[in-house]
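A.B. asks: Start counting the sequence shown at 30; every next residue gets the next number (our numbering). In this text, a Cβ means the ideal position worked out from N, Cα and C, and glycines have one as well. Okay, here's the structure, questions in a sec.
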Amino acid sequence: MNKSKLYRKMYELQDLKYRDMQIKIIPTVEPESVIGVRTPELRAMAKELLKAGEYKDFLEDLPHKYFEENQLHAFIISGIKDLRECMEELEKFLPYVDNWATCDQMSPKIFKKHREVLFAHIKEWIRSDKTYTVRFGVGMLMEHFLDDDYDPKYPEMIAGLRSAEYYVNMMIAWYFATALAKQYESILPYIEQKRLDDWTHNKAIQKSLESRRIGDEQKLYLKSLKAVR
């Protein structure tokens, strides 16, 4: 799609109140880079471009000018049906991801059918020096490997991560809160033994206390395990 045509369409869909909200909740993006296009509209645009096969030039044109372009890019990647193409485009794009929303909303559907390939990449992503590449890797492990494919070695990998980055530590906390909801007995020792740094440990407990999937008795016990800072 021609860039001027793309921008014109995005501005036609602009919602100024939504833009202002986005600017507040995504502080790592420059305010002037946010147009204010709602997520369903961007997903629909991605679907149209994929169906028409008119997305390759757009994916090559990095870095993007607008936050919405990054969102559109993430949604296109999420819909690519060929594993090799999806991985190639994802690896090219990850270094340009600069915010939690684009990172967290990018979830290729093809991964569900190729867990072994995905896991091999996750091991590389969590060792990256780029904040949102690490966050994406932890997020993919949380999304795809906490149910039937769960293995106790997975939380061990995440517990070993140490970062000074807020958005990495928030995802680690989210991972352990979700893991407690799905694999409570296996994950509880990580909290009892305080295997995470204090901030992440407490944040994981906080998120667990907010979860409807964790019982009241479990919440009461988890609350007693908070680290005193």
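Using 10 angstroms around the beta-carbon of Lys220, count the other beta-carbons present and answer buried if the total reaches 16, otherwise exposed.
C.D. replies: Taking the sequence shown and counting its residues from 1, the one referred to as residue 220 is at position 191. Looking at the sequence provided, one finds Ile at residue 220 rather than Lys. Buried.
A.B. asks: Can you tell me where the alpha helix (DSSP H) with His230 in it begins and where it stops?
C.D. replies: Translated into the one-based positions of the sequence shown, residue 230 becomes position 201. Per DSSP, His230 is one residue of the alpha helix (DSSP H) stretching across Asp227 to Leu238.
A.B. asks: Under the rule that 16 or more other beta-carbon atoms within 10 Å means buried, what is Asp177, buried or exposed?
C.D. replies: Here the question's residue 177 lines up with position 148 in the sequence shown. Answer is exposed; the Cβ neighbour count stays below 16.
A.B. asks: So within the region 147-188, which uninterrupted alpha helix (DSSP H) runs reach at least 4 residues, ignoring any that extend past its ends?
C.D. replies: 160-173 and 182-188
A.B. asks: Taking 8 Å as the cut-off, decide whether the C-beta atoms of Ser253 and Ala210 are in contact.
C.D. replies: Residue 253 sits at position 224 when you count from the first residue of the sequence shown. Residue 210 sits at position 181 when you count from the first residue of the sequence shown. Cβ distance not < 8 Å, so Ser253 and Ala210 don't count as in contact.
A.B. asks: Between the alpha carbons of Val257 and Phe148, how many angstroms are there, rounded?
C.D. replies: As a working mapping, residue 257 is identified with position 228 in the sequence shown. As a working mapping, residue 148 is identified with position 119 in the sequence shown. Roughly 35 Å separates the two Cα atoms.
A.B. asks: Within a Cβ cutoff of 7 Å, which residues of the same chain sit near Thr229, ignoring the five residues on either side of it in sequence?
C.D. replies: Taking the first residue of the sequence shown as position 1, residue 229 is located at position 200. If we look at Thr229 and ignore the five residues flanking it on each side, its Cβ neighbours are Asn198, Ile201 and Ala202.
A.B. asks: Is the distance from the Cβ of Leu119 to the Cβ of Pro92 below 8 Å?
C.D. replies: Working through the sequence shown from its first residue, we reach residue 119 at position 90. Working through the sequence shown from its first residue, we reach residue 92 at position 63. No. Outside cutoff.
A.B. asks: Between Ile187 and Val167, what straight-line distance do the alpha-carbon atoms span, to the nearest angstrom?
C.D. replies: Counted from its first residue, the sequence shown places residue 187 at position 158. Counted from its first residue, the sequence shown places residue 167 at position 138. Their backbone Cα atoms lie some 7 Å apart in a straight line.
A.B. asks: Please go through the same chain and pick out, in chain order, the residues whose beta-carbon is closer than 6 Å to the beta-carbon of Leu251, but skip the five residues on each side of it.
C.D. replies: Residue mapping note: residue 251 aligns to position 222 of the sequence shown, counting from 1. Hits under 6 Å: Ile234 and Ser237.
A.B. asks: Which same chain residues, not among the five before or five after Leu190, have their C-beta less than 8 Å away from its C-beta?
C.D. replies: Numbered from 1 along the sequence shown, position 161 holds the residue referred to as residue 190. Ile155, Val163, Val167, Val197 and Ile201, listed in sequence order.
A.B. asks: Pick from Glu145, His173 and Trp129: whose alpha carbon is nearest that of Lys160?
C.D. replies: By 1-based counting over the sequence shown, the position of residue 160 is 131. Per the sequence shown, residue 160 should be read as Thr rather than Lys. Thr160 has its Cα closest to that of Trp129, out of Glu145, His173 and Trp129.
A.B. asks: Tell me the DSSP secondary structure of His143 in three-state form.
C.D. replies: In the sequence shown, counting from the first residue as 1, residue 143 sits at position 114. In the structure shown, His143 sits in coil (DSSP, three-state: anything other than H, G, I, E or B).
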